[in-house]
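2 protein chains.
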Amino acid sequence: MGVGGQTLDEYLESLAAATPTPGGGSVAALCGALSASLTRMVANLAVGKEGYESVQADLKELERSANALQARLLVLMEEDVKAYDSVIAAMRLPKKTEPDRAARVRAMQKAYEWATTVPLDTMHACSEALGLALTAALKGNRNAITDAGVAALVAEAGLRAASLNVRINLAALKDNALRGRVEEQLGKILREADRVGHEVIALVEG
Amino acid sequence: MGVGGQTLDEYLESLAAATPTPGGGSVAALCGALSASLTRMVANLAVGKEGYESVQADLKELERSANALQARLLVLMEEDVKAYDSVIAAMRLPKKTEPDRAARVRAMQKAYEWATTVPLDTMHACSEALGLALTAALKGNRNAITDAGVAALVAEAGLRAASLNVRINLAALKDNALRGRVEEQLGKILREADRVGHEVIALVEG
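First to last, the protein sequences are chains A and B. Those letters in the first sequence? Residues 76 to 281, by the working numbering. Those letters in the second sequence? Residues 76 to 281, by the working numbering.
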C-alpha cells in the first residue's frame, strides 16, 4: 500500500515512532502535496464561474499540473524513506576486512548521493508548487485567495524543510564537483522561493 | 469518522474539491500536527539511549505534551471546517424582511467570530508546537536535529497560514474591542514565532 492509502492517524504515528523514517524529508514532500491540492481547490472554485470566463483554459491547465505535481510529491514521500533506509543499510555493512571497508564506503557514498538527490527533487517540486500557488492567487477564485496564500506558505516550508535534508546529506559526499553543483542549485531555489513567496503574500494582503 | 481516519489520498482530494472546506485553515492545523509528531520522533529516538541519561524525564514530558498537542490540532482541523461552514450557512439565511435581515446580520457576526477564534487557537497551538520543536532540538536525538528543524518550519508555516485566516475573518467583525484584542494577540504570536523559528534553525545549522 502506498503512503496515500495510510490514514492521517497512521501517518502521524509512523512519524512519531522511534525510527528515523518516515521523518522530516517525508513531511517536506507532504507539504508540497498539500500546497498543490489547495491550488487545485482555488482553481476548481473558479471553474465554470461568472467573472472567470477568460481564464477557464488556464484554470483547467492549473488543475491538471497541480494534480500531477501532487502525485509526484506522494512518490517523493516514499522515495525519501527508501533513500534514507539505504543509508542505514549501508552503515550496517560489514567492516572487518579492507575490501569490506572499501565496499561499505562505496555503498555509503551511493546511498548518501540518493539521500541528497531525493530532497533536492522535493525542493524542485515544492518550487513548482509555489509557482502554481502564484498562478492560483492571480487567476483562481478571489474569495479563496487566502487559500492560495496558504498554498504558498506550505510549499515554501516544504522547500526549506527539504533543503535541511539536502544540506545534511550533502556534507557526507566526497564528490566535490557534485557537491558544488547541488549547493549552487540549492541556493538558487531558495532565493527564487523567497521572491515568489513574498509575491503571493503581497497579493493576498493586497 | 474523524479527519484522522481519512487516508492521505482522501484528505488531499477533499481539499482539492470545488468546495471551500476543508481548505487553508485545515491545512494550517495539520501543519501543527505534523510538527508535533516530528518532535515526538526526535524525543523518542533519544529515550533510553546512551548520552541522554540526564534528560530522560524531559524527553518523556516532551513526548506527552507533543502527543496531546497533536490530538488538539486534529480537533482544530475539524473545528475550522465547522466554523467556516457556519459562515456560509449564515450567509444563506433569508433576508426578505427587516427582522430577517437583522437576524442574519447577528448570525453572520457570530459565525465570523467563530471563524476568527478557531484559526487564532490554531496559531496558539502552532506556537506551542514551535516551542516544543525548540526543546526537541535542544534535548532530543542529535542525529535527528534536522527533523527538529523541519518541525519548526512546518509549525511556523501553520502559524502564518492560520494568521491569514484570522485576518480575513477579523475584517468582517463589527466589534471593535474584540478586533483590537485579536490583532494585538496576532502580532505578538507572529513576532515570537519569528524569534523561536530563527533560534531552532540556528541550532540545526550550527
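Glycine residues also receive a C-beta, built at the ideal position from the N, C-alpha and C atoms. None of the values given here were measured: they were computed from a predicted structure.
- Within its own chain, the residues whose Cβ lies closer than 8 Å to the Cβ of GLN81 of chain A, once the five positions on either side in sequence are excluded, are SER89, listed in chain order.
- Inter-residue distance for GLU138 of chain B and GLN131 of chain A is about 48 Å (C-alpha atoms, whole angstroms).
- Look at the region 115 to 137 of chain A: the residues with a C-beta under 8 Å from a C-beta of chain B are ARG115, MET116, ASN119, LEU120, VAL122.
- Beyond the five residues adjoining it in sequence on each side, GLY79 of chain A comes within less than 6 Å, by CB distance, of LEU149 in the same chain, given in chain order.
- If you look at ARG167 of chain A, you'll find it isn't in any alpha helix (DSSP H); DSSP assigns it neither H nor E.
- ARG217 of chain B is outside the set of residues whose beta carbon lies under 7 Å from a beta carbon in chain A.
- The C-beta of GLU173 of chain A has fewer than 16 other C-beta atoms within 10 Å across all chains shown, which makes the residue exposed.
- Proximity of chain B to ALA103 of chain A at the Cβ level (cut-off 7 Å) is accounted for by VAL225, in chain order.
- Contact annotation for GLN145 of chain B against chain A: LEU87 [CB-CB distance below 7 Å, chain order].
- For CYS201 of chain A, there are no neighbours in chain B by C-beta distance under 8 Å, as the nearest C-beta there is about 11 Å away.
- Between the alpha carbons of THR96 of chain A and GLY206 of chain B lies a gap of roughly 23 Å.
- Under the Cβ criterion of 7 Å, ALA91 of chain B is counted among the residues facing chain A.
- Counting only runs of 4 or more residues that sit fully inside the region 125 to 192 of chain A, the alpha helix (DSSP H) segments are 131 to 166, in chain order.
- Taking 7 Å as the threshold, the shortest C-beta distance from ALA178 of chain A to chain B does not fall below it.
- Put simply, of A:ARG242, A:VAL271, A:TYR86 the residue whose alpha carbon is nearest the alpha carbon of LEU228 of chain A is A:VAL271.
- Residue range 251 to 280 is occupied by the alpha helix (DSSP H) that includes LYS263 of chain B.
- A contact between stretches requires three or more CB pairs, one per stretch, nearer than 8 Å, and the region 213 to 230 of chain A fails this requirement with the region 167 to 186 of chain A.
- Membership of ARG235 of chain A in the alpha helix (DSSP H) is indicated by the continuous run 220 to 245.
- Around the C-beta of GLY224 of chain B, 16 or more other C-beta atoms lie within 10 Å, and the residue is accordingly described as buried.
- Looking only at A:LEU261, A:ALA158, A:LEU168, A:GLU203, the smallest Cα-Cα distance to THR114 of chain A is reached by A:GLU203.
- Assigned with DSSP and collapsed to three states, THR210 of chain B falls in helix.
- Taking the beta carbon of SER112 of chain A as reference, the chain B residues within 7 Å of it are LEU87, LEU90, ALA91, listed in sequence order.
- Interface flag for GLY99 of chain B against chain A is set, since a Cβ pair is found closer than 7 Å.
- Taking 7 Å as the cut-off, the Cβ atoms of ALA211 of chain A and ALA118 of chain A count as close.
- Here the C-alpha atom of THR192 of chain B lies approximately 13 Å from the C-alpha atom of ASP250 of chain B.
- DSSP places THR82 of chain B in the strand class (E or B) of the three-state scheme.
- For LEU248 of chain A, the secondary structure class from DSSP, reduced to helix, strand or coil, is coil.
- No Cβ of chain A is located within less than 7 Å of the beta carbon of ILE264 of chain B.
- With respect to SER101 of chain B, ASP155 of chain B sits close: the two C-beta atoms are nearer than 7 Å.
- For ASP84 of chain A, the residues of chain B that pass the 7 Å Cβ criterion are GLY79, GLY80, in the order they occur in the chain.
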